[in-house]
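To start, the structure itself, in structure tokens.
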Amino acid sequence: MGFEAKRAAALGRNKKSPPILSHEFVIQNHGDIVSCGIMLVMLGFMFGATSPFAQVFIVPQYNDTVTLPNETEPRVMYRNGVRDLATLFFYTLVWIAVHCALQEYIFDKAQRKLHLSKTRMVKFNESGHLAVFSIYSLIHACIILSDLAIHKDLTRIWAGYPELHRHFPLSSKLFFIFQAFVCHLWDFLNLLQAVQ
193 MGFEAKRAAA LGRNKKSPPI LSHEFVIQNH GDIVSCGIML VMLGFMFGAT SPFAQVFIVP
253 QYNDTVTLPN ETEPRVMYRN GVRDLATLFF YTLVWIAVHC ALQEYIFDKA QRKLHLSKTR
313 MVKFNESGHL AVFSIYSLIH ACIILSDLAI HKDLTRIWAG YPELHRHFPL SSKLFFIFQA
373 FVCHLWDFLN LLQAVQ
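206 is the number that the numbering used here gives to position 14 of the sequence shown; each next residue is one higher, with no gaps.
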């Protein structure tokens, strides 16, 4: 074993993990902490007493059966409300877990192969996460546009506003929930990443 390898092995043994619930501990393990929170909510579905509580976090709320103009069949549509904050909180946790998984299993491995400098590594991470979310958003938006058939008649975007726009399909509601996460927490995730 060469001198550099011995020194690297010695440094690896002396590295102590930070105290539990310290700021450094939370930064290093935020993905695991968030995953435990997600599992707790999912565990709520296993018991009858906690299932209604878990549904508030996972299932979009405020669904109504509405018959839209020019349609004969009633459709299940959604509107917004206060309980959507719980759903927003849960899917924020999911996005943080996805962010950590992408970082650990894709971007960190690519960085090791590319041998990037610290500043380029930060830009690579930010660009990678933004690219993944942008691709997801584009695909989800295209699905919504095709479901609503807006490409056939662009006046459907503003026709009947605001009465007809108070209710929207499930895919649109989920899209808004996922977008609200990015609007409010993208800087927070970049802060966590920069501190690491």
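Backbone N, C-alpha and C define an ideal beta-carbon position, used for all residues, glycine too.
For F160, collect the residues of the same chain with a Cβ closer than 6 Å to its Cβ; drop the 5 residues on either side in sequence, then sort them by chain order.
Residue coverage of the chain in this structure runs from 193 to 388, which leaves residue 160 outside it and unanswerable.
Along the chain, where does the alpha helix (DSSP H) that runs through N317 open and close?
Taking the first residue of the sequence shown as 1, we reach residue 317 at position 125. 310–340 is the extent of the alpha helix (DSSP H) around N317.
Within this structure, are the beta carbons of V226 and A278 separated by less than 7 Å?
Residue 226 sits at position 34 when you count from the first residue of the sequence shown. Residue 278 sits at position 86 when you count from the first residue of the sequence shown. No, the Cβ-Cβ distance between V226 and A278 is not below 7 Å.
Please report how far the alpha carbon of H222 lies from the alpha carbon of L294, in whole angstroms.
Counting from 1 along the sequence shown, the entry for residue 222 is found at position 30. Counting from 1 along the sequence shown, the entry for residue 294 is found at position 102. Roughly 14 Å separates the two Cα atoms.
Which first and last residues belong to the beta strand (DSSP E) in which D256 is found?
Here residue 256 corresponds to residue number 64 of the sequence shown, with the count starting at 1. Per DSSP, D256 belongs to the beta strand (DSSP E) from 255–258.
Decide yes or no for the touch test of the region 346–363 against the region 268–287: beta carbon pairs closer than 8 Å, at least 3 of them.
Yes, the region 346–363 is in contact with the region 268–287.
Let me know if K310 comes out buried or exposed under the rule of 16 or more other beta-carbons within 10 Å of its beta-carbon.
Locating residue 310 in the sequence shown gives position 118, where the first residue counts as 1. By the 10 Å Cβ count, K310 comes out exposed.
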